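Heads up: the structure comes next, in structure tokens.
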Amino acid sequence: MQLIKQFCAIACICSLALNANAQSLDQSAGKKPAKSEKTGEKMNILKVNLFALPLKNFSFQYERVLNKHISLALGVRTMPSSTLPFQSTFVKLADITDQQTIDNLAKFKTGNLAITPEVRFYLSKKGYGRGFYIAPYYRYAKFSSEELPVEYESGVSTTNTIRLKGDITTNSGGLLFGVNWKVGKAVSIDWWILGAHYGKSSGTLSGVPSQPLTQQEQEDLRNEIESIEIPLTKIKAEVSANSAKAIFDGPWGGIRSGLTLGIRF
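Numbering-wise, the sequence shown is residues -22 to -1, 1 to 243 according to mature numbering (1 follows the signal peptide of the UniProt record, and there is no 0).
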């Protein structure tokens, strides 16, 4: 967490330093500071991520252009607690045929909230929020789980299910590459080509079985929880006769992409 804070502070300091240096150079050349120049450019952009909508996510970003080559942006993404999108497609691709598993997936609900500040460095000659850019960013995210089903063996040829609930929070830093186009006088199309971030996760999902677990059931359930596969993330299970916990405390990573439509003002 401390490393990520330092990363964000350095990015902001670099942005301010570059802005001040550009103004200083203009003044030494007999020009007015960049902030007083009449560029005719709209310096604010409000956008919505179109790629997020089919995934039941609402993703918005506000960008403030500071000068020709630097801008600051703040993104907010939220997904109200709901069932998984494209469930039937997922079942077919994963070749899931067990009806109980299909029913459990249909009941599973999840939601998330993410806040992403970033500094953008535009490399295009046009600038002012146009062209190719590189953007270091920080992301805070919170994921909620309701009714996450975990199946475990109970006796001979018998399977039971425990449902886990809870929250997972993540803090990570990353780098995004993208292109921002200006269409007409007031329309923006921003393509987040590809971004990747890495950091730390923490949180607990817990549940209570319908009846006390035997030693064998506890062992089976512990193995099932720890076998849940999430890239770069390790899950530790704590299981007793009357409760089960999936504990997240380790690395976290992800990728980022999108296509936004925005208004300049």
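Don't be surprised by glycine CBs; every beta carbon is placed ideally from N, CA and C. As the structure is a prediction and not an experimental result, all values here were calculated from the model.
Problem set entry | Contacts around E19, its chain only, beta-carbon distance under 6 Å, and the 5 residues preceding and following it disregarded | Working through the sequence shown from its first residue, we reach residue 19 at position 41. Contacts found: Y106.
Problem set entry | Best match in G151, T136 and I171 for proximity to V97 [C-alpha to C-alpha] | For the purposes of this step, residue 97 is identified with residue 119 of the sequence shown, where counting begins at 1. Taking V97 as reference, the option from G151, T136 and I171 with the minimal CA-CA separation is G151.
Problem set entry | Beta-carbon contacts of S37 that lie in its chain and below 6 Å, excluding the five residues immediately before and after | Reading the sequence shown from its first residue, position 59 is the one you call residue 37. So the qualifying residues of the chain are N27, A30 and R55.
Exercise. From I213 to P229, what distance separates their C-alpha atoms?
Worked result: Numbered from 1 along the sequence shown, position 235 holds the residue referred to as residue 213. Numbered from 1 along the sequence shown, position 251 holds the residue referred to as residue 229. Approximately 10 Å between the Cα atoms of the pair.
For this session: Could you pull out every residue in the same chain whose Cβ sits closer than 6 Å to the Cβ of G236, ignoring the five residues on either side in sequence?
Result: As a working mapping, residue 236 is identified with position 258 in the sequence shown. Its chain contains N27, F29 and W170 as the residues whose beta carbon lies nearer than 6 Å to that of G236, once the 5 sequence neighbours on both sides are disregarded; these appear in chain order.
Exercise. R234 and L154: beta carbons closer than 8 Å?
Worked result: Translated into positions along the sequence shown, residue 234 becomes position 256. Translated into positions along the sequence shown, residue 154 becomes position 176. In contact: R234 and L154 (Cβ atoms closer than 8 Å).
Exercise. Do you know offhand how far F121's Cα is from K46's?
Worked result: Taking the sequence shown and counting its residues from 1, one reaches residue 121 at position 143. Taking the sequence shown and counting its residues from 1, one reaches residue 46 at position 68. In this structure, the straight-line span from the alpha carbon of F121 to that of K46 is close to 37 Å.
For this session: Report the option in L239, E131 and T94 whose CA atom is closest to the CA atom of Y115.
Result: On the sequence shown, position 137 is the one that residue 115 refers to. Measuring C-alpha to C-alpha distances from Y115 to each of L239, E131 and T94 identifies T94 as the nearest.
Problem set entry | Burial state of R117 (16 or more Cβ within 10 Å) | Numbered from its first residue, the sequence shown carries residue 117 at position 139. Counting every other CB atom within 10 Å of its CB across the protein chains shown gives R117 a total of 16 or more, marking it as buried.
For this session: Out of G173, Q39 and P32, point me to the one whose CA is closest to K25's CA.
Result: If you number the sequence shown from 1, residue 25 lands on position 47. Looking at the Cα atoms, Q39 is the closest of the given residues.
Exercise. Per DSSP, what kind of secondary structure is E207 in: helix, strand or coil?
Worked result: As a working note, residue 207 is residue 229 in the sequence shown. Looking at E207 - three-state DSSP - the assignment turns out to be coil, as it is neither helix nor strand.
For this session: Using 10 angstroms around the beta-carbon of L71, count the other beta-carbons present and answer buried if the total reaches 16, otherwise exposed.
Result: Looking up residue 71 in the sequence shown gives position 93. Around the beta carbon of L71, fewer than 16 other beta carbons lie within 10 angstroms, which makes this residue exposed.
For this session: Give me whichever residues DSSP pairs with K120 in a beta bridge.
Result: For the purposes of this step, residue 120 is taken as residue 142 along the sequence shown, with counting starting at 1. Residue pairing of K120 in beta bridges, as defined by DSSP: L91 and T147.
For this session: Rounded to whole angstroms, what's the CA-CA distance from P58 to N35? Just pull it up for me.
Result: Stepping through the sequence shown from its first residue, residue 58 is reached at position 80. Stepping through the sequence shown from its first residue, residue 35 is reached at position 57. One C-alpha to the other measures close to 8 Å.
For this session: Answer yes or no: does any C-beta atom of chain B fall closer than 8 Å to that of M21?
Result: In summary, chain B is missing from the structure at hand, where a single protein chain is found.
Exercise. Exposed or buried, which one is S14 when buried takes at least 16 other CB atoms within 10 Å?
Worked result: On the sequence shown, residue 14 is found 36 positions in, with the first residue counted as 1. Residue confidence for S14 is low, a pLDDT of 36 falling below 50, so the modelled location carries little weight and cannot support an answer.
Exercise. Between the C-alpha atoms of A215 and N149, what's the straight-line distance to the nearest angstrom?
Worked result: As a position in the sequence shown, residue 215 is number 237, starting the count at 1. As a position in the sequence shown, residue 149 is number 171, starting the count at 1. N149 has its alpha-carbon roughly 22 Å from the corresponding atom of A215.
Exercise. So, using beta-carbon positions, are T139 and S180 closer together than 8 Å?
Worked result: Indexing the sequence shown from 1 puts residue 139 at position 161. Indexing the sequence shown from 1 puts residue 180 at position 202. No, Cβ-Cβ distance for T139 and S180 is not below 8 Å.
Exercise. Distance, Cα to Cα, L33 vs T136?
Worked result: As a position in the sequence shown, residue 33 is number 55, starting the count at 1. As a position in the sequence shown, residue 136 is number 158, starting the count at 1. Distance between the alpha carbons of L33 and T136 is about 35 Å.
Exercise. Measuring CA to CA, which of V69, V128, E125 and S49 is closest to F110?
Worked result: Here residue 110 is taken as the residue at index 132 of the sequence shown, counted from 1. It is S49 whose Cα lies nearest to the Cα of F110.
For this session: Please report how far the alpha carbon of P209 lies from the alpha carbon of A224, in whole angstroms.
Result: Working through the sequence shown from its first residue, we reach residue 209 at position 231. Working through the sequence shown from its first residue, we reach residue 224 at position 246. P209 and A224: Cα-Cα distance of roughly 16 Å.
Exercise. CB S123 to CB L183, shorter than 8 Å?
Worked result: Position 145 of the sequence shown, counting from 1, holds the residue named residue 123. Position 205 of the sequence shown, counting from 1, holds the residue named residue 183. The criterion of a C-beta distance shorter than 8 Å is satisfied by S123 and L183.
For this session: Using only alpha-carbon positions, find the residue among F68, Q189, G232 and L126 that is nearest to Y176.
Result: Looking up residue 176 in the sequence shown gives position 198. The candidate whose alpha carbon is nearest that of Y176 is G232.
Problem set entry | Three-state class that DSSP yields for I74 in the structure shown | Translated into the one-based positions of the sequence shown, residue 74 becomes position 96. In this structure, I74 counts as coil in the three-state DSSP scheme.
Exercise. Between the beta-carbon of R242 and the beta-carbon of A119, is there less than 8 Å?
Worked result: By one-based count along the sequence shown, residue 242 stands at place 264. By one-based count along the sequence shown, residue 119 stands at place 141. In this structure, R242 sits away from A119, with a CB-CB distance that is not shorter than 8 Å.
Exercise. Roughly how many angstroms lie between the CA atoms of G89 and L199, to the nearest whole one?
Worked result: What you label residue 89 is simply residue 111 of the sequence shown in a count that begins at 1. What you label residue 199 is simply residue 221 of the sequence shown in a count that begins at 1. Their Cα atoms are separated by approximately 25 Å.
For this session: Measure the CB-CB distance between A222 and P187 and report whether it falls below 8 Å.
Result: Here residue 222 corresponds to residue number 244 of the sequence shown, with the count starting at 1. Here residue 187 corresponds to residue number 209 of the sequence shown, with the count starting at 1. Yes, Cβ-Cβ distance for A222 and P187 is below 8 Å.
For this session: Could you check which residue in T67, Q77 and V157 has the C-alpha nearest to that of L101?
Result: Locating residue 101 in the sequence shown gives position 123, counting from the first residue. The candidate whose alpha carbon is nearest that of L101 is V157.
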